[in-house]
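Undergrad: Pasting a structure here, questions to come.
Residue numbers (our numbering): 33 to 394.
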């Protein structure tokens with residue numbers, strides 16, 4: 033007797049869809065689920081998916097942490113950090129434990145279990161606000177940048193830093209996908225420093241100077257990120273000129289990703305003001321080919337193809353504009369599913385719409 037054929041159930045409404053080639057559906061993403069916050073004036077300041085792509089974490093301006101099930105398209109719980117505030121919330125490699133930076137009282141990084149809302153550890157040492165948190169892709173270690181002019185390397189298993197770099201304005205940092213290189217953006221020197229993670233106490237093995245007339249001023253830098261193949265380095269900015277795409281090996285500018293206006297969130301180097309903090313309003317797609325981000329001038333999301341041929345001035349225009357009625361203050365791409373999330377004063381899930389017949393160029 034033949035074995036019965038098992039047909040998998042359809043994905044739930046608002047959840048991610050079966051895997052498709054990103055190039056086939058990149059222009060068809062549309063907002064499918066919107067989650068309002070407790071108060072309309074509250075803004076989301078950071079977003080992060082866990083490694084499995086199943087959960088999304090949002091840090092909010094009301095000192096709350098919102099947890100969502102991305103597969104099922106629903107909110108799971110709210111956690112509060114009223115005493116210390118919360119920003120730059122990140123999952124560890126365990127979906128039930130997170131890191132986040134304090135925004136008041138002190139500058140401690142907090143390690144929290146979302147299962148029982150209990151702190152697992154405190155990482156103390158910074159003496160000014162933390163401006164970046166990055167988890168190592170290959171281990172339970174992470175790095176932090178601060179306005180105290182230090183970068184610190186930590187292990188989740190110890191409250192004391194494993195290492196420390198004293199640098200001028202190291203406001204942004206990230207690991208490369210192989211977890212062998214860390215890139216640090218120094219805004220006062222307008223440079224990107226690359227360190228061998230195994231010898232981080234030695235001078236950087238490469239320094240990329242970005243103090244050029246045609247580039248965004250360093251005070252407008254908001255994000256630093258490697259593509260998943262490690263070949264490109266994205267410098268996200270608030271400038272109306274858009275973002276910088278660098279060759280990760282040489283530091284050469286591969287393209288200026290043009291948009292229609294300035295970003296709406298504060299960069300780490302911005303003077304203290306009423307502008308809402310952010311983590312950058314752009315990100316790579318999971319395949320590393322595309323960058324998605326806020327348009328700057330209107331409420332659409334823009335898609336850039338990093339393989340597109342730039343014009344004579346190295347400018348790459350957006351290949352698609354995704355219609356949206358709200359603002360985009362931050363955006364994250366799901367690492368496992370064809371799905372993305374954006375946020376400003378609400379959290380929005382985006383999925384491909386099979387009825388939109390738009391494909392990326394081959």
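All C-beta atoms, glycine included, are put in the ideal place defined by N, C-alpha and C.
1) Would you mind working out which of 286, 217 and 368 sits nearest residue 340, comparing C-alpha positions?
2) Pairing CB atoms from the segment 98-105 with CB atoms from the segment 154-167, are three or more of them under 8 Å?
3) Mark residue 171 as exposed unless 16 or more other C-beta atoms lie within 10 angstroms of its C-beta, in which case mark it buried.
4) With DSSP as the reference, please indicate the residues paired to residue 275 in a beta bridge.
5) Determine, using beta carbons only, whether residue 177 and residue 207 come nearer to each other than 7 Å.
6) How long is the line joining the alpha carbons of residue 280 and residue 224, rounded to whole angstroms?
7) Give every residue of the same chain whose Cβ lies closer than 7 Å to the Cβ of residue 331, excluding the five residues on either side of it in the sequence, and list them in chain order.
8) Can you give me the C-alpha to C-alpha distance between residue 120 and residue 63, rounded to a whole angstrom?
9) Going by DSSP, name the residue or residues bridged to residue 368.
10) Just list the residues that DSSP pairs residue 66 with in beta bridges.
11) Could you work out which residue in 216, 190, 368 and 162 is closest to residue 152 when comparing CA atoms only?
12) Does the segment 345-353 come close enough to the segment 308-320 that 3 or more CB-CB pairs lie under 8 Å?
13) Would you identify the three-state DSSP class for residue 54, choosing helix, strand or coil?
14) Could you check the C-alpha separation between residue 278 and residue 148 for me, to the nearest Å?
15) Return the CA-CA distance between residue 266 and residue 117, expressed in angstroms with no decimal places.
16) Whole angstroms is fine: what's the gap from residue 248's alpha carbon to residue 219's?
17) Short check: CB of residue 181 to CB of residue 123, under 7 Å?
TA: The relevant details are as follows:
1) Among 286, 217 and 368, the Cα nearest to that of residue 340 belongs to 286.
2) No: fewer than three Cβ pairs fall under 8 Å.
3) The residue in question, residue 171, is exposed, as its Cβ has fewer than 16 Cβ neighbours within 10 Å.
4) According to DSSP, residue 275 shares a beta bridge with 289.
5) Not a contact, by the Cβ cut-off of 7 Å.
6) Cα to Cα, the separation comes out at about 10 Å.
7) If you ignore the 5 residues before and after residue 331, its C-beta comes within less than 7 Å of the C-beta of 356, 357, 358 and 359, all in its own chain and listed in chain order.
8) Cα to Cα, residue 120 sits roughly 24 Å from residue 63.
9) Under DSSP, residue 368 shares a beta bridge with no residue.
10) Answer is 380.
11) If we check each option's Cα against that of residue 152, 190 comes out closest.
12) Because the criterion of three Cβ pairs below 8 Å is not met, the segment 308-320 and the segment 345-353 do not touch.
13) The three-state reading of DSSP puts residue 54 in helix, counting H, G and I together.
14) A straight line joining the alpha-carbon of residue 278 with that of residue 148 spans about 42 Å.
15) Roughly 29 Å between the two C-alpha positions.
16) Taking the straight line from one Cα to the other gives about 11 Å.
17) No, they are not a contact pair.
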